[in-house]
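Chemist:
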Amino acid sequence: MGLTQSPPYEKQPLYIAGQRHQLQSTFTTVNPANNEPLAEVSQADPSAIDAAVEAGQRAFPSWSITSPLERSRILLRAVHLLRARNDDLARIETHDTGKPFSETSTVDVVTGADVLQFYANLIAAGGLDGDTTPLRPDAYISTTKAPLGVCAGIGAWNYPIQIALWKSAPCLAAGNCMVYKPSEFTPLHALQLAEIYTEAGLPPGVFNVVHGAGDVGARLTSHPSIAKVSFTGQVSTGSKVASAAAAGMKAVTMELGGKSPCVILPDAAVELAVDGAMMANFFSSGQVCTNGTRVFVPQSLLPAFQTRLLQKMSDIRPGDLMDPNTNFGPLVSKPHWEKVTAYIRHGIETDKATLLYGGLGAPSPLPPACRKEGYWVRPTVFTDCTDDMLIATEEIFGPVMTILPYDDSHPAYLTTLIARANATPMGLAAGVFTADLALAHQVVGALEAGITWVNTWGESPAEMPVGGWKKSGLGVENGRRGLEAWVRHKSTLVEMARGGSGTVFAKL
Ligand code: NAD
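Position in the sequence shown (from 1) plus 437 gives the number in my numbering.
#1: Helix, strand or coil: how does DSSP classify L639 here?
#2: V382 and A589: beta carbons closer than 7 Å?
#3: Is it buried or exposed for M716, if we count other Cβ within 10 angstroms and need 16 for buried?
#4: Could you compute how far the alpha carbon of M438 sits from the alpha carbon of M759?
#5: Does the beta carbon of W890 fall short of 6 Å from some heavy atom of the ligand NAD?
#6: Taking 6 Å as the limit between beta carbons, can you name the residues of its chain near D533, skipping five residues before and five after?
#7: Mind checking whether the beta-carbon of F834 lies closer than 6 Å to any heavy atom of the ligand NAD?
#8: I'd like the list of long-range same chain contacts for A886, defined as Cβ closer than 7 Å, with 5 residues on each side in sequence excluded.
#9: With a 10 Å radius around its C-beta and 16 neighbouring C-beta atoms as the bar for buried, classify S909 as buried or exposed.
#10: Taking only three categories from DSSP, how would you classify F622?
#11: Is V678 a contact residue of the ligand NAD, with contact defined as CB to any heavy atom under 6 Å?
#12: May I have the straight-line CA-CA distance separating A601 from P619, to the nearest angstrom?
#13: So, are the CB atoms of I828 and Y780 less than 7 Å apart?
#14: Pick out whichever of A706, C699 and I560 has its Cα sitting closest to the Cα of N728.
#15: Examine the Cβ distances between the stretch 518-528 and the stretch 561-576 and report whether three or more of them are shorter than 8 Å.
#16: With hydrogens ignored, establish whether the beta-carbon of A866 is closer than 6 Å to any heavy atom of the ligand NAD.
#17: Once you ignore the five residues that flank D824 on each side, which residues in its own chain have a CB closer than 7 Å to its CB?
#18: What three-state label does DSSP hand G549 in the structure shown?
#19: Can you give me the start and stop residues for the beta strand (DSSP E) that Q671 sits inside?
#20: On the criterion of 16 or more Cβ atoms from any shown chain inside 10 Å, does Q724 qualify as buried, or is it exposed?
#21: In this structure, does DSSP put R731 in helix, strand or coil?
#22: Just to confirm, are S479 and H648 a CB contact at a threshold of 7 Å?
#23: May I ask whether a heavy atom of the ligand NAD can be found less than 6 Å away from the beta carbon of T669?
#24: DSSP on F942, reduced to helix/strand/coil?
#25: By DSSP, does T778 sit in helix, in strand, or in coil?
#26: Whole-angstrom Cβ separation of V777 and I833, contact assumed at under 8 Å?
#27: Where V818 and A710 are concerned, what is the direct C-alpha to C-alpha distance, given to the nearest angstrom?
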């Protein structure tokens with residue numbers, strides 16, 4: 438089925454206590470490849486949000502004491518169902534997000550299911566074990582891990598099902614319940630995931646879904662019975678969510694935006710550096726939080742780097758999103774298209790950066806399978822950029838690369854380069870390309886970012902804890918450390934000698 442033939446999806450319900458829950462009030466989600474409606478979506482009102490939280494509260498006492506082994510068994514059945522339905526789920530993601538099927542079928546569901554498998558296995562293998570500290574021959578301290586309660590998951594639109602899984606997997610594995618709110622721009626995966634969990638044996642109320650925009654997320658965040666908020670989205674929204682959560686003394690995980698440096702060192706292989714920079718800017722049409730959009734290139738390599746980059750830009754292929762050959766799609770929504778277009782215009786007209794490739798408008802000529810009504814922009818490269826330009830300082834979240842040349846002719850160039858790379862309030866990701874691994878370690882050690890790569894870009898496997906520094910976030914997702922974000926600790930001092938605390942007053 439081609440992109441123009443996306444099926445009309447049924448009206449999307451909320452999912453509460455293991456049941457679909459339709460509401461009168463709806464909003465419409467559209468296919469960004471052709472701007473046609475995909476589905477009507479039930480809009481959660483305050484009483485539906487309360488009902489979803491209450492369903493979680495009812496499920497929590499039993500789920501939280503279900504043995505980790507049994508919880509693991511259920512979650513692994515969900516992993517199996519996700520993998521068996523990979524292509525169906527990927528097709529839905531392609532219709533909802535505008536990402537090519539070549540991407541959604543190999544990345545989005547796969548990397549979500551990997552994380553669920555990782556945490557299911559981790560809890561079965563003792564990942565939730567506490568520890569015991571001998572204090573005296575007749576006293577010890579035991580520290581156990583306890584789940585938090587009912588948690589909120591609030592997602593962004595760029596990796597819908599992956600984000601839903603990266604949040605729900607450790608949350609549920611640790612014995613918590615979740616009320617999940619997907620982005621209003623990409624709601625279709627949520628019902629699929631909820632029903633997969635139910636089919637796998639997850640008790641009603643452990644995973645609930647509410648739909649709507651920021652007001653629904655805000656109500657969920659400030660709900661007195663929500664114990665923790667795991668949020669993925671923009672820095673500005675994250676600040677609001679973290680403030681609201683702090684008022685209720687709630688735990689948060691914040692996965693926010695970035696303006697990450699991609700550092701090409703003078704000894705880097707040009708081919709590797711160009712491939713890395715392209716991956717760091719054009720995958721998912723640039724809608725990846727960890728993108729390395731500030732590409733620092735040494736003057737000594739600049740001509741070769743740009744020549745090879747221009748040759749390789751034709752490898753970016755917009756087209757019918759279901760065609761396996763297509764690797765570039767439209768942007769996710771009209772407002773986002775307007776935002777990215779405004780940044781490209783600003784780069785040309787106000788920043789007056791040199792436009793090396795692309796620019797305003799849709800890819801030209803737009804392949805016949807692409808509808809002009811879709812939210813297409815051209816993959817774009819600006820060069821000779823300076824650090825103060827708006828396109829080099831703000832997260833664009835589209836396929837826009839800014840090349841920032843640096844002078845590598847003097848011996849102290851590295852200090853200046855690192856200072857420039859770190860001169861951003863954000864610190865999500867960073868990467869370095871070089872043939873010298875010792876130098877790579879030195880540079881990575883000095884870069885202020887929570888996720889770093891050497892001679893590669895973008896891979897984020899289940900085993901790797903990821904999270905931003907500075908304004909890019911709080912806490913990590915994935916890996917062993919990711920589980921810690923979903924538990925609280927209880928320490929118990931056990932006195933085995935008779936009359937432990939009684940002796941103090943006995944002396945008075
Ligand atoms: P966004 O901040 O606009 O929205 C994110 C979610 O927050 C949506 O579900 C939205 O409805 C909800 N929301 C809006 N206002 C709210 C409020 N006041 N209270 C609670 N919830 C509210 O972000 P977006 O445009 O959907 O996503 C793109 C952003 O996400 C980019 O900045 C990107 O870098 C970031 N992102 C980060 C990561 C990461 O892991 N660090 C991953 C993916 C995306």
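Each residue gets a CB set at the ideal place from its N, CA and C atoms; glycine is no exception.
Modeler: If we stick to the structure as given:
#1: Within the sequence shown, numbered from 1, the residue matching residue 639 stands at position 202. L639: coil per DSSP, three-state reduction.
#2: This structure cannot settle anything about residue 382, because the visible part of the chain is limited to 438 through 945.
#3: Here residue 716 refers to the residue found at position 279 of the sequence shown. Here M716 is buried, its C-beta having at least 16 other C-beta atoms within 10 Å.
#4: The sequence position of residue 438 within the sequence shown is 1, counting from 1. The sequence position of residue 759 within the sequence shown is 322, counting from 1. With a pLDDT of 44 at M438, under the threshold of 50, the modelled position of that residue is not reliable, and the figure given next carries that caveat. For M438 and M759, the distance between alpha carbons rounds to 7 Å.
#5: Along the sequence shown, one-based indexing puts residue 890 at 453. Incorrect: W890 has no Cβ contact closer than 6 Å to the ligand NAD.
#6: Position 96 of the sequence shown, counted from the start, is the residue given in the question as residue 533. Taking D533 as the centre and dropping the five residues before and after it, the same chain places the C-beta of T623 and L625 closer than 6 Å to its C-beta, in chain order.
#7: Walking along the sequence shown from the start, residue 834 turns up at place 397. Yes - the ligand NAD has a heavy atom lying nearer than 6 Å to the Cβ of F834.
#8: Residue 886 sits at position 449 when you count from the first residue of the sequence shown. Hits under 7 Å: S697, G864, L865, A866, A867 and W906.
#9: Translated into the one-based positions of the sequence shown, residue 909 becomes position 472. The residue is buried, with at least 16 neighbouring Cβ atoms inside 10 Å.
#10: The count along the sequence shown starts at 1 and reaches residue 622 at position 185. If DSSP states are grouped into helix, strand and coil, F622 belongs with coil.
#11: Numbered from its first residue, the sequence shown carries residue 678 at position 241. Yes - the ligand NAD has a heavy atom lying nearer than 6 Å to the Cβ of V678.
#12: Locating residue 601 in the sequence shown gives position 164, counting from the first residue. Locating residue 619 in the sequence shown gives position 182, counting from the first residue. A601 and P619 have their alpha carbons spaced roughly 7 Å apart.
#13: Stepping through the sequence shown from its first residue, residue 828 is reached at position 391. Stepping through the sequence shown from its first residue, residue 780 is reached at position 343. Going by C-beta atoms, I828 is nearer than 7 Å to Y780.
#14: Working through the sequence shown from its first residue, we reach residue 728 at position 291. Comparing C-alpha distances from N728 to each of A706, C699 and I560 shows the shortest one belongs to C699.
#15: Flag = no, the stretch 518-528 and the stretch 561-576 do not touch.
#16: Walking along the sequence shown from the start, residue 866 turns up at place 429. No.
#17: Your numbering for residue 824 matches position 387 in the sequence shown. Cβ-Cβ distances below 7 Å link D824 to L841, R857 and A860 in the same chain, with the five nearest sequence neighbours on each side left out; the list follows chain order.
#18: Within the sequence shown, the letter at position 112 stands for residue 549. If DSSP states are grouped into helix, strand and coil, G549 belongs with the helices.
#19: Taking the first residue of the sequence shown as 1, we reach residue 671 at position 234. Segment: none, Q671 is in no beta strand (DSSP E) and carries neither H nor E.
#20: In the sequence shown, counting from the first residue as 1, residue 724 sits at position 287. The residue is buried, with at least 16 neighbouring Cβ atoms inside 10 Å.
#21: Locating residue 731 in the sequence shown gives position 294, where the first residue counts as 1. Strand, per DSSP.
#22: As a position in the sequence shown, residue 479 is number 42, starting the count at 1. As a position in the sequence shown, residue 648 is number 211, starting the count at 1. It is a contact, given that the beta carbons lie within the stated cut-off.
#23: Counting from 1 along the sequence shown, the entry for residue 669 is found at position 232. Under cutoff, so the answer is yes.
#24: Sequence index remark: in the sequence shown, residue 942 carries index 505 (1-based). Reduced to three states, the DSSP call for F942 is helix.
#25: On the sequence shown, position 341 is the one that residue 778 refers to. Three-state result, T778: helix.
#26: One-based indexing of the sequence shown puts residue 777 at position 340. One-based indexing of the sequence shown puts residue 833 at position 396. Contact between V777 and I833 holds: their C-beta atoms lie close to 6 Å from each other, under 8 Å.
#27: For this step, residue 818 is matched to residue 381 along the sequence shown. For this step, residue 710 is matched to residue 273 along the sequence shown. Rounded to whole angstroms, V818 to A710 spans 15 Å at the Cα level.
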